[in-house]
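Take any residue in the sequence shown, count from 1 to its spot, add 3: that is its number in our numbering.
Where is the CB? At the ideal position from N, CA and C, for every residue including glycine.
Please read these numbers as outputs of a predicted model, since none were measured by experiment.
Take a look at the structure set out below.
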Amino acid sequence: MSDGVFESNTAIESPCLRCCCLDQDDICTGCFRSVDEITGWSAATTKEKRAILERCKERKAEADNRQANIPF
Numbered sequence: 004m005s006d007g008v009f010e011s012n013t014a015i016e017s018p019c020l021r022c023c024c025l026d027q028d029d030i031c032t033g034c035f036r037s038v039d040e041i042t043g044w045s046a047a048t049t050k051e052k053r054a055i056l057e058r059c060k061e062r063k064a065e066a067d068n069r070q071a072n073i074p075f
């Protein structure tokens, strides 16, 4: 247990898709992590990794919305 909250011993795999390309905000367009999140992944706790993955999900949704609003 950590901070009174049970943390699973199951490893959380990196969301890296091996197609790294940073956008103008230094966010990877493959996994949607920031440079700091990418470089700090291996040292991050399970709780931190879950938070990173949630931010990635939000960034991807924002990118998808921007893409959907681009006129053809």
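In whole angstroms, give me the CA-to-CA distance for residue i and residue j.
| i | j | result |
| --- | --- | --- |
| Ala54 | Asp26 | 21 Å |
| Pro18 | Ala71 | 23 Å |
| Glu16 | Asp28 | 24 Å |
| Pro74 | Lys52 | 35 Å |
| Arg69 | Thr49 | 30 Å |
| Cys32 | Leu56 | In the sequence under discussion, the amino acid at residue 32 is Thr, which differs from the Cys named in the question. For Thr32 and Leu56, the distance between alpha carbons rounds to 14 Å. |
Could you have a look at residue i and say whether DSSP puts it in helix, strand or coil?
| i | result |
| --- | --- |
| Cys22 | coil |
| Cys34 | coil |
| Asn68 | helix |
| Ala54 | helix |
| Phe75 | coil |
| Ala47 | coil |
| Gly7 | Legend: pLDDT at Gly7 = 45, less than 50; position of this residue unreliable, value from coordinates given subsequently. Of the three classes helix, strand and coil, the one that applies to Gly7 here is coil, per DSSP. |
| Thr13 | coil |
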